[in-house]
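Shown next, in C-alpha cells, is the structure this report addresses.
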Amino acid sequence: MTGRLDWARDGHDWPHRDASRFVEAGGLRWHVQCLGEGPPILLVHGTGAASHSWRDLMPLLARRFTVIAPDLPGHGFSSPPARFAGFALPGMAASLAALLKQMNLSPVLVAGHSAGAAVLARMCLDGHIAPRTLVSINGVMLPLPGTVSLFFSASARVLSMIPFIPHYVAWRATDRRALEGLLRGTGSRVDARGLELYGRLVRSPGHVGGTLNMMVNWDLHPLARDLARLPVPLVQVVGGNDRTVPPSESRRVQALLPQARLVTLPGLGHLAHEERPDLFEALLLEPFSACP
1 MTGRLDWARD GHDWPHRDAS RFVEAGGLRW HVQCLGEGPP ILLVHGTGAA
51 SHSWRDLMPL LARRFTVIAP DLPGHGFSSP PARFAGFALP GMAASLAALL
101 KQMNLSPVLV AGHSAGAAVL ARMCLDGHIA PRTLVSINGV MLPLPGTVSL
151 FFSASARVLS MIPFIPHYVA WRATDRRALE GLLRGTGSRV DARGLELYGR
201 LVRSPGHVGG TLNMMVNWDL HPLARDLARL PVPLVQVVGG NDRTVPPSES
251 RRVQALLPQA RLVTLPGLGH LAHEERPDLF EALLLEPFSA CP
C-alpha cells in the first residue's frame, strides 16, 4: 500500500478523466478538472473528499459553463503543502487563488461543500475572487460550539502525530462495512460508484494524512469575525438530514448575514449534491436565469 494516490493506477477510471489536468501553481501540483465551455464556475469539495464529489453535477453545469473542480491540497491527486500553514484556511485560500491566476480564470459563481464553503468565503473576503454568488452546501463557516470544536481539533492533532494512523485508517477502509458505515453517518445515500471512489481515497494513507493535517490546522475564528462583511451574496443550501454538520449551523451564519438566502432540502444528508445533482443544477443556475 503506497502513501499517495497514483494517477496512472488509481486514476485510470476517475470520473471525467479526460477533463483532468495537472497544474503547477502556488508551490503545489494540482489535479484539476475543467469541463464545458462558457463563463467559469468553481466547485470546491470538503475535507476528506476530492473532485469526484462533483462527478454527476459537472456535466449538467457544463452545458452552459466552464466548470472547474480541483482537488484541494493534500487531497485526492493534488500534492500536499510543504508546510503545515498550507493546510490552514488562509493558506488554502491563497493557494487556490494562485491556481486560478495560473489558469487565468475568474469564476462568475462559486460553490463549496462543507469546509470548501469556508475556503471560498475566505477568498471572497481577501479579494482573491469576486463571483456573482457564493453557494454554501452544508457549509462549515463558523467554529463548532464549545467543547465539540475542542474535541475534534484535539483528536485530529493527536492522530496526526501518530505516524501509523493514516495507514491504519487506510487498512480499515478495506472493510466495506466500515466504509459503508462511515458514509451512512453523513445522512446521505451514496450510490455504488460513490462508495467505490470514497473507498479509493480513504485507502490512501497520503489522502488520510492530508485530511488529518487540514483538520489540525483549521481555525474558523478569524473567518467568524470577518463573515459579516462578506462582499458577495450568499446562498446556504442545507440538507435536512445532514448528520455531519447540524442544519442549525446555517442559522448561526444567518444571524451574521441576515440577507443571505437559506434553502433547506428535506431528506438529504451531508452529501446532498451527490444525492440530487439535478436540484443543485437548478439552484446554481438561478443567478443566471435572466441571462440570454
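With this note's numbering as the guide, the letters of the sequence shown map in order to residues 1 to 292. Note that CB positions come from ideal geometry on N, CA and C, so glycine has one too.
According to the DSSP assignment, Q102 belongs to the alpha helix (DSSP H) that extends over L89 to Q102. For T47, no alpha helix (DSSP H) run applies, since DSSP gives it neither H nor E. With a contact defined as Cβ atoms closer than 8 Å, H273 and I137 qualify at about 5 Å. According to DSSP, residue pairing for L256 in a beta bridge does not occur. Under the three-state reduction of DSSP, T186 is assigned to coil, being neither helix nor strand. Contact between the region 192-209 and the region 248-258 is not established, with fewer than three Cβ pairs separated by less than 8 Å. T244: not part of any beta strand (DSSP E); DSSP gives it neither H nor E.
With a cutoff of 9 Å on beta-carbon distance, A25 and L35 are scored as not near each other. Between V208 and Q236, the beta carbon gap of about 29 Å keeps them out of contact (Cβ cut-off 8 Å). With a cut-off of 8 Å on Cβ pairs, the region 49-68 is in contact with the region 8-17, counting three or more such pairs.
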